[in-house]
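Note that the numbering used here has the sequence shown beginning at 2, numbered continuously upward.
Quick reminder that beta carbons are idealized off the backbone N, C-alpha and C, glycines included.
What follows is a single structure, written as structure tokens, with notes after it.
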Amino acid sequence: MRRVLTLSTAAAAVAALAVLCVAFTAGVAAADAGAVPAASAGNGPVTSDAVPSASAEECDPGDGTELVGCWNGTHYEESVDFAETDGLNETQLEALTDLTMARVEHVRQRPFKRDVPVETVTRSEYANDTASGGNGSAAFRRWNDQVWEALFVVGDETDANDEIDSVFGGAVSGFYSPAEDRIVIVVPDGESPDIDPSTLAHELLHAMQDQYHDLTRPRYVGVTQDGDLAVDGIIEGEAVHVEERYAARCADNWTCAEAPESGGGGGSGAEFNFGILQTVLQPYGDGALYVRELRDEGGWAAVNATMNDPPESTAEVIHRNPDYEEGNVTFQDAATGGWETYPDQGVDGAETAGEASMFVMFWYQSLEYGHAVLEPDATAQQNVQIHLDTEANLETRAVYNYAHPVTDGWAGDELYPYRNGDRDGYVWATEWQTADDAAAFRDAYVRMLTARGDGEFADGTVYEIGGESDFPGAYAVVRNGTSVTITHAPSPAGVLELRPNADLALPDADGENGTDGTDGTDDTGGDTDTDGSDGTSGDGASDDDGDGANGSDGSGDGTGSDGDTGASAPGFGVVAALVALVTALGLSARRST
Numbered sequence: 002m003r004r005v006l007t008l009s010t011a012a013a014a015v016a017a018l019a020v021l022c023v024a025f026t027a028g029v030a031a032a033d034a035g036a037v038p039a040a041s042a043g044n045g046p047v048t049s050d051a052v053p054s055a056s057a058e059e060c061d062p063g064d065g066t067e068l069v070g071c072w073n074g075t076h077y078e079e080s081v082d083f084a085e086t087d088g089l090n091e092t093q094l095e096a097l098t099d100l101t102m103a104r105v106e107h108v109r110q111r112p113f114k115r116d117v118p119v120e121t122v123t124r125s126e127y128a129n130d131t132a133s134g135g136n137g138s139a140a141f142r143r144w145n146d147q148v149w150e151a152l153f154v155v156g157d158e159t160d161a162n163d164e165i166d167s168v169f170g171g172a173v174s175g176f177y178s179p180a181e182d183r184i185v186i187v188v189p190d191g192e193s194p195d196i197d198p199s200t201l202a203h204e205l206l207h208a209m210q211d212q213y214h215d216l217t218r219p220r221y222v223g224v225t226q227d228g229d230l231a232v233d234g235i236i237e238g239e240a241v242h243v244e245e246r247y248a249a250r251c252a253d254n255w256t257c258a259e260a261p262e263s264g265g266g267g268g269s270g271a272e273f274n275f276g277i278l279q280t281v282l283q284p285y286g287d288g289a290l291y292v293r294e295l296r297d298e299g300g301w302a303a304v305n306a307t308m309n310d311p312p313e314s315t316a317e318v319i320h321r322n323p324d325y326e327e328g329n330v331t332f333q334d335a336a337t338g339g340w341e342t343y344p345d346q347g348v349d350g351a352e353t354a355g356e357a358s359m360f361v362m363f364w365y366q367s368l369e370y371g372h373a374v375l376e377p378d379a380t381a382q383q384n385v386q387i388h389l390d391t392e393a394n395l396e397t398r399a400v401y402n403y404a405h406p407v408t409d410g411w412a413g414d415e416l417y418p419y420r421n422g423d424r425d426g427y428v429w430a431t432e433w434q435t436a437d438d439a440a441a442f443r444d445a446y447v448r449m450l451t452a453r454g455d456g457e458f459a460d461g462t463v464y465e466i467g468g469e470s471d472f473p474g475a476y477a478v479v480r481n482g483t484s485v486t487i488t489h490a491p492s493p494a495g496v497l498e499l500r501p502n503a504d505l506a507l508p509d510a511d512g513e514n515g516t517d518g519t520d521g522t523d524d525t526g527g528d529t530d531t532d533g534s535d536g537t538s539g540d541g542a543s544d545d546d547g548d549g550a551n552g553s554d555g556s557g558d559g560t561g562s563d564g565d566t567g568a569s570a571p572g573f574g575v576v577a578a579l580v581a582l583v584t585a586l587g588l589s590a591r592r593s594t
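If you want it as structure tokens, here you go:
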């Protein structure tokens, strides 16, 4: 169903339309750590669209599809009569699917309309099938590289599309294809096809969504990165919410199979770019919290209504506010010197990153490079912790925080990659709710720059970062009221070509970027010091050799975006990666008690 983010067309090769199950914690095996009582599976207002489940006596093999909690004669309170320790044969897989469909019906309080085929594929087969490789034009790949470089997640010498392929190839444990009306479960190489019941329930819920809402409709494919993540907020949020209810019943009174120990993950050698990974995960946590709130207030009818009118921005999902207002982004292409946009990519050449991606951008600098950007007076370790500290939690899995004052005031953005021969650049126009919001974003972005450069930032002057950095080149950051515009090119002269009307000065001839580290405007509500020494975790303007996160604050090995992914636990495929993230930081995944 998804383009799987405009951040890439990586999953388009899975199936032109596919709903992925990207896992992010220990899953069903952890349900008893904080499972809600079984009664909570039916909480929320009772609405006319909720159908009561059939009794065991009412469930017969010849019954039609109108009964809830009964599929092919299997009642939701039954259990399978075989052990899954040696893997599943075809007959056993069908029996497990029938039982899981009946249980999903009971939890979701509506019937399936037709059978859903379930197949298995090995991890290596899935990775080979989904690698973008020749998929996507050279123009798209170059355009997309600039998007992720602008987010300071994928460096100048790294292929963003390959990094995205790595995340999806190693972190996806299953998917449902609306185009083919089938579920594919990803299982470890060289092992019998054990299936995580949580994964199966998750994907079956996507199949049910498709049967009621038709996930091939254009409204379920965001046209931008932010729009795609936003739509996934309701699609994945409902699936995770049902998963939670399912896990609660397993912990309480259902007999449920244990999740495979390997979890279908990428294995001990899996490597991920955590910046991309944490961006992709945003809908699974925030979306589930959003759906829980919708259901608490309006029952399943409220969830159905939101499915019919999906969120348009990650800000709406993060703040659980369906009335979140966006502003108008003003941008006019005035580039000279042969610079051109990509009119056939994105929306007229532009990408919209959105609040979730912007938060990850700043947070990732602390995890990967040891730079304290979100909160400069705290250590890099404390900045990393911001992502792990949440006001609301799910019962069976960790969730992650994507809200912070630096990005909370997002009102819109348009990121335009440019090309000029073999040179690349971009102009990123952002809009904020208030001038103070704009100033907060501008100051954080400047901190991110000065953490890499050798000098201080001077307002109105192009800033340079040396070639030893992952993000070398020249940058301009200009705030005008509620607007902040960022420009990047390989050289200061290129920045002036991209923004000839921005009234920017070149750096001093001796290479100094300037001395004034403040905004330089009088309506910021207090300027923030953005010199290099305050923009890092006490290590000054360190270079990008990746060891900045080592430090005395214990923020991990900082040796690259792949990290140490050797840890494993039962659950979805991405659990190994996220356990590694938490373990590397000396932190524990949060769960409610």
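Starting from the C-beta of residue i, find all residues in its chain whose C-beta is less than 6 Å away, skip the five residues before and the five after it, and write them out in chain order.
i, result
"R104", "Y77"
"R109", "V243"
"A412", "E327, G328, E432, W433, Q434"
"D211", "P179"
"T391", "V400, N402"
"T408", "E356, M359, F360"
"V168", "F273, I277, L278"
"V485", "T431, A439, F442, R443"
Quick check on the DSSP output: the alpha helix (DSSP H) that includes residue i runs from which residue to which?
i, result
"N421", "That residue, N421, is in no alpha helix (DSSP H); its beta strand (DSSP E) goes 411–421."
"G454", "Note, G454: premise wrong, no alpha helix (DSSP H); not H, not E."
"V243", "226–253"
"E498", "493–499"
"T101", "91–109"
"N394", "Taken as a continuous stretch (DSSP letters only), N394 belongs to no alpha helix (DSSP H), as it is neither H nor E."
I need the DSSP call for residue i, collapsed to helix, strand or coil.
i, result
"F169", "helix"
"N384", "helix"
"I319", "helix"
"Y77", "coil"
"G474", "strand"
"H203", "helix"
"E67", "coil"
"H372", "coil"
"E598", "Past the edges of the chain, shown from 2 to 594, lies residue 598, and the structure says nothing about it."
"V348", "strand"
"S358", "helix"
"A161", "helix"
"R115", "coil"
"Y127", "helix"
"F141", "helix"
"A208", "helix"
Among residues of its own chain, excluding the 5 on either side of residue i, which ones have a beta-carbon nearer than 8 Å to its beta-carbon?
i, result
"A140", "Y343, D345, Q346"
"D563", "For D563, the pLDDT reaches just 33, beneath the cut-off of 50, and the residue's location in the model is therefore unreliable, leaving the point undetermined."
"N502", "A335"
"E67", "P112"
Which residue or residues does DSSP assign as beta-bridge partners of residue i?
i, result
"N481", "S484"
"S178", "R183"
"E120", "V185"
"T408", "Beta-bridge pairing links T408 to no other residue."
"A503", "Paired residues: none, contrary to the question."
"A490", "A475"
"W364", "BP columns for W364 are empty, so no partner."
"V330", "Its beta-bridge partners do not exist; DSSP assigns none."
"W72", "T75"
Taking the beta strand (DSSP E) that residue i belongs to, which residues open and close that run?
i, result
"V292", "Per DSSP, V292 belongs to no beta strand (DSSP E); it is in the alpha helix (DSSP H), 275–309."
"W433", "424–433"
"E465", "464–466"
Leaving out the 5 sequence neighbours to the left and right, which residues in its chain are closer than 7 Å to residue i when beta-carbon positions are compared?
i, result
"I319", "D287, E356, A357, Y403, A404"
"A55", "L68, V69, G70, C71"
"P406", "A441"
"A393", "L290"
Check the C-beta distance from residue i over to residue j and give it rounded, since I have them as a contact under 8 Å.
i, j, result
"R448", "P377", "6 Å"
"L499", "W340", "6 Å"
"E120", "R220", "Not quite, the Cβ-Cβ distance comes to about 28 Å (not below 8 Å), so this is no contact."
"L282", "E352", "Going by Cβ atoms, the distance from L282 to E352 rounds to 19 Å, so no, they are not a contact pair."
"V478", "Y446", "6 Å"
"G228", "E106", "G228 to E106, Cβ: 31 Å. No contact."
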